[in-house]
Amino acid sequence: MTDIQSIKNRFGIIGNSPALNFALQVAVQVANTDLTVLINGESGVGKEAFSIIIHSLSNRKHNPFIAVNCGAIPEGTIDSELFGHEKGSFTG
Numbered sequence: 023m024t025d026i027q028s029i030k031n032r033f034g035i036i037g038n039s040p041a042l043n044f045a046l047q048v049a050v051q052v053a054n055t056d057l058t059v060l061i062n063g064e065s066g067v068g069k070e071a072f073s074i075i076i077h078s079l080s081n082r083k084h085n086p087f088i089a090v091n092c093g094a095i096p097e098g099t100i101d102s103e104l105f106g107h108e109k110g111s112f113t114g
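Numbering follows our numbering, with no gaps: position 60 of the sequence shown is 82.
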């Protein structure tokens, strides 16, 4: 298993609480899987930082990482923004 302190150093994470260390351990564990991960939390708590850590430690690390701010997507259009749509599929 990857050393938590080396993860903190590599990604510039400052702090040493049990909750932070546990979250980093989970991030390291899920990075080695092919699971879908949902990261949620308050604004500014490091959701994108954790997703970058997971991506960087995964088998997909050589593929692009694309961060999406779902809060900036208008309500009702997130499906088409993320997954696309066919021409003429919207009414109005």
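A virtual CB, placed ideally from N, CA and C, is assigned to each residue, including glycine.
Backbone CA spacing between P96 and G106 [nearest angstrom]
15 Å
Might you give, ordered along the chain, the residues of its own chain that have their beta carbon closer than 7 Å to the beta carbon of I75, omitting 5 neighbours on each side?
I29, F33, A49
Stretch pair the stretch 53-60 + the stretch 78-92: three plus CB contacts closer than 8 Å
yes
In terms of alpha-carbon separation, which member of S73, G93, F44, N38 lies closest to S65?
G93
Can you grab the Cα-Cα spacing for the pair K109 / E103, in whole Å?
13 Å
Reduced DSSP category for E70 - H, G, I as helix; E, B as strand; rest coil:
helix
Tell me which residue opens and which closes the alpha helix (DSSP H) that D101 is part of.
Annotation for D101: the continuous alpha helix (DSSP H) segment containing it runs 100-105.
If F72 sits next to I61, beta carbons under 8 Å apart, how far is it from one beta carbon to the other, in whole angstroms?
6 Å
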